[in-house]
Amino acid sequence: MTGAIPSMATLGILAALPDEIRDLLYEMGPAASTRRIGMRDYHHGVLYGRPCVLALTRIGKVAAAATTATLLREFDVDRVVFTGVAGGLDARLRVGDVVVGSALVQHDLDASPLFPRHEVPLLQTSRFPADEALAGLLHRCAGEFLAQHGGGAALHRGLIATGDRFVHEAGFARELREALPEALCVEMEGAAVAQVCHEFGVPCAVLRTISDCADQDAPVDFATFLREVASVYSAGILRRFLAALPA
Ligand code: SAH
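Just so it is clear: in the sequence shown, position 119 is 119 by UniProt numbering, and no numbers are missing.
Below, the structure is given as structure tokens:
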């Protein structure tokens with residue numbers, strides 16, 4: 001759905017990989033305008049009646065932070081949603097399940113003994129909470145989507161761990177579970193986006209579909225899932241979210 005951009009709040013939608021937003025980008029249609037800044041394309045248009053800016057962060061914390069800062073400074077974005085896939089850490093999680101982040105932590109940030117492990121130096125926190133209203137609405141929309149199309153997949157809400165590492169060895173996954181027992185899943189961008197949004201005072205939320213279980217099968221599971229399911233889930237959940245979002 002496309003059209004003139006009305007003067008209402010603009011939502012930033014970020015993802016790391018093309019498959020994660022392919023369908024949404026297509027739905028923005030030819031009326032979207034694209035600006036290229038710092039090797040990223042920012043697509044500005046309308047989705048389901050909402051002004052949106054859609055961009056790919058690429059993979060990892062630096063890439064995600066740089067893209068988020070540009071999104072907030074160059075476009076009049078006043079809320080941000082990140083959508084993508086993640087590896088399950090909690091034993092209850094299955095491939096296809098959906099996680100809505102309640103908070104985000106950088107599992108590989110460790111300035112101890114100067115600061116407690118995981119704490120972001122000078123910000124006095126290790127966890128960036130997701131915006132309650134955005135995360136609540138994402139949770140509701142994900143629940144509705146899964147009830148219709150999820151084939152038994154479950155919905156979870158909790159801590160998401162972020163770091164610059166694709167986790168595919170059981171040993172490292174175990175270390176992560178020990179260090180952060182309440183973390184539901186692991187990915188490579190969410191906490192970076194949440195930190196930048198926190199620093200700019202912009203509400204954000206993170207939605208992750210479980211593509212693998214952060215073990216030795218992760219590389220294969222990840223690739224298949226990304227191709228076949230990730231984009232459908234992202235688009236299906238975000239469509240509902242956009243339609244329900246208050247102006
Ligand atoms: N070779 C892959 C690399 C993707 S890295 C490719 O380019 O196709 C994995 C991406 O998915 C990251 O953006 C990360 O946020 C997420 N992810 C999925 N499973 C993950 C896992 N087990 N560990 C860390 N990140 C994971």
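Beta carbons are placed, not taken as given, at the ideal position from N, Cα and C, and that holds for glycine.
The beta-carbon distance between Leu159 and Ser102, rounded to whole angstroms, is 6 Å. This is short enough to meet the 8 Å contact definition.
Three or more Cβ pairs closer than 8 Å define a contact, and the region 224 to 238 falls short of that threshold against the region 103 to 110.
About 33 Å separates the beta carbons of His118 and Gly236, which is beyond the 8 Å limit, so they are not a contact pair. Excluding residues up to 5 positions away in sequence, Asp41, His43 lie with their Cβ nearer than 6 Å to the Cβ of Thr34 in the same chain. In the same chain as Phe115, and ignoring 5 residues on each side of it, the C-beta atoms closer than 7 Å to its own belong to Pro121, in chain order.
For Ala65, the uninterrupted alpha helix (DSSP H) segment begins and ends at 61 to 74.
Just measuring C-alpha positions, the residue of Arg239, Ala133, Val95 sitting nearest Asp217 is Val95. Here Val167 has Gly87, Ala173, Val186, Ala214 as same chain residues with Cβ atoms under 6 Å from its own Cβ, once five neighbours each way along the sequence are excluded. The residues Tyr48, Gly49, in chain order, have a CB closer than 8 Å to that of Ala243 in the same chain once the five nearest residues on each side in sequence are set aside.
By the rule of a C-beta closer than 7 Å to any heavy atom of the ligand SAH, the residues picked out are Ala16, Leu17, Ile59, Gly84, Val85, Ala86, Gly87, Arg165, Phe166, Val167, His168, Val186, Glu187, Met188, Glu189, Ser211, Asp212, Ala214, Ala218, Phe222, Ala223, Leu226.
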